[in-house]
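**Student:**
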Amino acid sequence: AQSVTQPDIHITVSEGASLELRCNYSYGATPYLFWYVQSPGQGLQLLLKYFSGDTLVQGIKGFEAEFKRSQSSFNLRKPSVHWSDAAEYFCAVGRDSGGGADGLTFGKGTHLIIQP
Amino acid sequence: AAGVIQSPRHLIKEKRETATLKCYPIPRHDTVYWYQQGPGQDPQFLISFYEKMQSDKGSIPDRFSAQQFSDYHSELNMSSLELGDSALYFCASSSYPPTRDTQYFGPGTRLTVL
Numbered sequence: 001a002q003s004v005t006q007p008d009i010h011i012t013v014s015e016g017a018s019l020e021l022r023c024n025y026s027y028g029a030t031p032y033l034f035w036y037v038q039s040p041g042q043g044l045q046l047l048l049k050y051f052s053g054d055t056l057v058q059g060i061k062g063f064e065a066e067f068k069r070s071q072s073s074f075n076l077r078k079p080s081v082h083w084s085d086a087a088e089y090f091c092a093v094g095r096d097s098g099g100g101a102d103g104l105t106f107g108k109g110t111h112l113i114i115q116p
Numbered sequence: 001a002a003g004v005i006q007s008p009r010h011l012i013k014e015k016r017e018t019a020t021l022k023c024y025p026i027p028r029h030d031t032v033y034w035y036q037q038g039p040g041q042d043p044q045f046l047i048s049f050y051e052k053m054q055s056d057k058g059s060i061p062d063r064f065s066a067q068q069f070s071d072y073h074s075e076l077n078m079s080s081l082e083l084g085d086s087a088l089y090f091c092a093s094s095s096y097p098p099t100r101d102t103q104y105f106g107p108g109t110r111l112t113v114l
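In order, the protein sequence lines correspond to chains D and Z.
Those letters in the first sequence? Residues 1 to 116, by our numbering.
Those letters in the second sequence? Residues 1 to 114, by our numbering.
Shown next, in the form of structure tokens:
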């Protein structure tokens, strides 16, 4: 069964500094991977996704992620964070149920704190 | 752009009562997914529907059932509610083909069981 590991429960970054959030997955075939962001009490907003092709994917709000098959990783990066980036970040992998409308398996999330 | 609509946004129930949550997908989306997110937890996939047929099934309790209707909206029915059912319930939708397509999430329904 597929699984997602986000090793960092909390990360604190100074405003304007660079950011990298780690995500490792376990999946038998070629995975399709997502990063979602969630503000407190809010829904999940898609930042970016990887299905195939170019391993460096660009997303919204200046985020990017790199798929590395050899490391089973899909780390999220941003060159300069803003105070509004403070939120919970979830990495997710698509299940492979064979039925088509596959649910997502999420990691436990990383809580991002921005210091002024 | 139109988004996923969930109703109600907040719901308070007593133990052993029933609850029905509704989800209206983005127009022209024919696939619906349900997730449960407990306090401080990651979202857990419950069930999905494609073209009104159940497609994938996750960790949905037997007390819960769901269906998708001819207009593609979906309802999650929850019976014999327990305190542990208190959570944020998300619906997401995607378009054909559903496989490997992006799921767009609604704002969620916050269910509190007293």
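Glycine residues also receive a C-beta, built at the ideal position from the N, C-alpha and C atoms.
Between which two residues does the beta strand (DSSP E) holding residue 91 of chain D run?
**Tutor:** Segment 87-94, the beta strand (DSSP E) holding residue 91 of chain D.
**Student:** Chain Z partners of residue 90 of chain D, CB-CB under 7 Å?
**Tutor:** Here the neighbours are 42.
**Student:** Run down chain D in chain order and give the residues with a C-beta less than 8 Å from the C-beta of residue 107 of chain Z.
**Tutor:** Near residue 107 of chain Z (Cβ distances below 8 Å), the residues of chain D are 42 and 43.
**Student:** Give the single residue among Z/70, Z/51 and Z/55 whose Cα lies nearest to the Cα of residue 103 of chain D.
**Tutor:** The shortest Cα separation from residue 103 of chain D among Z/70, Z/51 and Z/55 belongs to Z/55.
**Student:** When the Cα of residue 37 of chain Z is compared with those of Z/1, Z/45 and Z/12, which residue comes out closest?
**Tutor:** Among Z/1, Z/45 and Z/12, the Cα nearest to that of residue 37 of chain Z is on Z/45.
**Student:** Could you tell me the boundaries of the beta strand (DSSP E) in which residue 63 of chain Z lies?
**Tutor:** No beta strand (DSSP E) contains residue 63 of chain Z, which DSSP labels as neither H nor E.
**Student:** Quick check: what's the CA-CA separation for residue 82 of chain Z versus residue 22 of chain Z?
**Tutor:** Looking at the two C-alpha atoms, the distance is approximately 20 Å.
**Student:** Should the segment 74-87 of chain D be regarded as contacting the segment 12-25 of chain D, the criterion being three or more beta carbon pairs within less than 8 Å?
**Tutor:** Segments in contact, yes.
**Student:** Is any beta-carbon of chain D found at less than 8 Å from that of residue 71 of chain Z?
**Tutor:** It does not; no Cβ of chain D falls within 8 Å.
**Student:** What does DSSP give as the partner residue(s) for residue 36 of chain D in the beta ladder?
**Tutor:** D/46 and D/90.
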